[in-house]
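Comments concern the structure below.
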């Protein structure tokens with residue numbers, strides 16, 4: 143399963159690392175949302191909005207990278 147030069151194995155390791163990073167980001171976003179739910183401070187809500195936007199963009203970029211990696215492996 144290692145393939146020629148170990149490329150598929152390395153690709154799966156990178157994908158696994160991305161999913162672990164996404165899992166950590168998801169936990170962080172859950173904490174941020176809990177903080178926002180308890181706050182009425184507009185600055186806190188603005189920070190939460192910024193962090194959610196960053197999380198969304200990073201998630202979409204990671205999904206695109208994984209998709210391109212998998213389609214390139216075929």
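Numbering (this note's numbering), first residue to last: 143 to 216.
The beta-carbon is built from N, C-alpha and C at its ideal position, and this holds for glycine as well.
All values reported here derive from a predicted model rather than from experimental measurement.
Handout entry: Proximal residues to residue 160 (C-beta, below 8 Å), its chain only, five neighbours per side dropped
Key = 204, 207 and 208
Exercise for the section: Counting only the same chain and skipping the five closest in sequence on each side, list residues whose C-beta sits under 8 Å from that of residue 167. Expected result: 197, 200 and 201
Handout entry: CB of residue 178 within 8 Å of CB of residue 187, strictly
Key = yes
Problem - Cβ-based neighbour list, residue 214, same chain, cut-off 6 Å, excluding 5 preceding and 5 following - result: none
Handout entry: Nearest-angstrom Cα separation, counted from residue 152 out to residue 193
Key = 30 Å
Handout entry: Under the three-state DSSP convention, the category residue 176 falls into
Key = helix
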